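In what follows, a structure is listed as C-alpha cells, so that the remarks can point back to it.
There are 2 protein chains.
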Amino acid sequence: MRTIAHPVTDQITMSGLLHALSDPVRLEIVRTLGHCGETSCGGLGVSVSKSTLTHHLKVLRDAGVTQTRCQGVQRLVSLREDDVEARFPGLLSCVLAHHEPGNTQAGVP
Amino acid sequence: MRTIAHPVTDQITMSGLLHALSDPVRLEIVRTLGHCGETSCGGLGVSVSKSTLTHHLKVLRDAGVTQTRCQGVQRLVSLREDDVEARFPGLLSCVLAHHEPGNTQAGVP
DNA sequence: ACCCTTGTACGACATGGATCGAACGACGTC
DNA sequence: GACGTCGTTCGATCCATGTCGTACAAGGGT
C-alpha cells in the first residue's frame, strides 16, 4: 500500500471534523501532533494497541485532520493545519490552544 | 421539575463540547438556535421523535452548549454563546459561522 | 372539571465504533 | 535469503448511544 488516500481540502466537513475530534484518544493525538509536528505512528505515545491506533489514525486521516506519508517502514503523520484552517478558520487552532493537558479544566487557576 | 440543571461555565470541557457537537442532529439544533435565538423544543424543526429530541437537548445542556428555561408548558432553549466563548474563544462562533447548509461537501472535482 | 398541548421519563432495540489479539505485508538490515 | 521492525487488516467482542413508542406530568384553555 504505497499511496494513502486523503480527502481534498474541499471535502473536509464540519461534521467529520467534530466527530474525529470528539474522541479523547484522537484529541490527544492531534494535540501531540500540534506540539511535535510530524511524528511516526509509534512515536505518538498513546496507550492503545497498535490496531486501535491504526483505526484512530484512519479516522483522523479520513476526516482531513492529518496526513500520512511513507518513509521506509514507517508512516509519518502530521496535521493538515493549513488545510483545516483554510476550510474552517479558527477551529483547529482553538482546539489546539485549549487541548486540556490531561484534565485541568476543573479549577480555574 | 421546575429547576433544570446546567453546568457552570468552568465545567464546560473541550471533549464534552466536541462530543455534543459531533452529532448531526445536535449540530442542526445549535445552528437553528444560532439563527433564531431562543426557541421552544417544538420549534426546532428537527426530524426526530420527541423523546429523541429531549435526549439531544439534554446532551447539549449537559455539555454547557445550551440553557433551558420554563415558560408555562414550554421549554425555551437558547445557546450559551457567551459562556462557551469565554471558555473556548472562537470555537462556537466558528462552528456557527460554518454550519453547512445541508451538505456541500460533495464533488468539487 | 375536562381535555389538549408540551415536554419528560422509562424501557427496548439496533447500530456504531472503540478495543483487542492474531495473522499478514512491506522494508530495511544482516 | 533470513530475520526483525513497523504498521495494516481481519474477526470478534463489548459498550455507548441514537432511536423509537408508550406512559406520564405539568399548564393552560374551554
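Top to bottom, those sequences are chains H and X.
Numbering-wise, this note's numbering puts 83 at position 79 of the first sequence, and it's gapless, one number per residue.
Numbering-wise, this note's numbering puts 60 at position 56 of the second sequence, and it's gapless, one number per residue.
Just so it is clear, CB atoms sit at the ideal spot from N, CA and C, and this is done for glycine as well.
If you're wondering where the values come from, they're calculated on a predicted model, not measured in any experiment.
With the criterion set as a beta carbon lying under 7 Å from some beta carbon of chain X, the members of the stretch 16-42 of chain H are Thr17, Met18, Ser19, Leu22, His23, Leu25, Ser26, Pro28 and Leu31, in sequence order. Collapsing the DSSP output to three states places Arg84/H in coil. Contact annotation: Gly46/H and Leu83/H have beta-carbon atoms that are not nearer than 8 Å. Cβ-Cβ distances below 7 Å link Glu89/H to Leu96 and Ser97 in the same chain, with the five nearest sequence neighbours on each side left out; the list follows chain order. Between Leu25/X and Val99/X a beta carbon distance of about 6 Å is seen, short of the 8 Å cut, so the two are scored as contacting.
DSSP places Thr7/X in the coil class of the three-state scheme, outside both helix and strand. For a cut-off of 8 Å, the C-beta gap from Asp66/X to Pro28/X is around 18 Å, too long to register as a contact.
Glu42/X and Val52/H have their C-alpha atoms some 42 Å from each other.
Within the same chain, Leu96 come within 7 Å of Glu85/X by CB-CB distance, once the 5 residues on both sides are set aside. For chain H, none of the residues of the stretch 69-80 of chain X brings a beta carbon within less than 8 Å of one of its beta carbons. Membership of Thr13/X in any alpha helix (DSSP H) is not indicated, and neither H nor E is assigned to it by DSSP. For Cys40/H, the closest C-alpha among the options Val81/H, His60/H and Lys62/H is that of Val81/H.
Distance from the CA of His59/X to the CA of Arg30/X, rounded to the nearest whole angstrom, comes to 10 Å.
Chain H has no Cβ within less than 8 Å of the Cβ of Pro11/X. Neighbourhood of His102/H in chain X, by CB distance below 7 Å: Met18 and Phe92, in chain order. The closest CA to that of Arg91/H, considering only Ala9/H, Ile16/H and Thr7/H, is found on Ile16/H. Within the same chain, and ignoring the five residues on either side of Ile8/X in sequence, the residues whose Cβ sits closer than 6 Å to its Cβ are Thr72. The closest CA to that of Val77/X, considering only Arg35/X, Leu21/X and Ser44/X, is found on Ser44/X.
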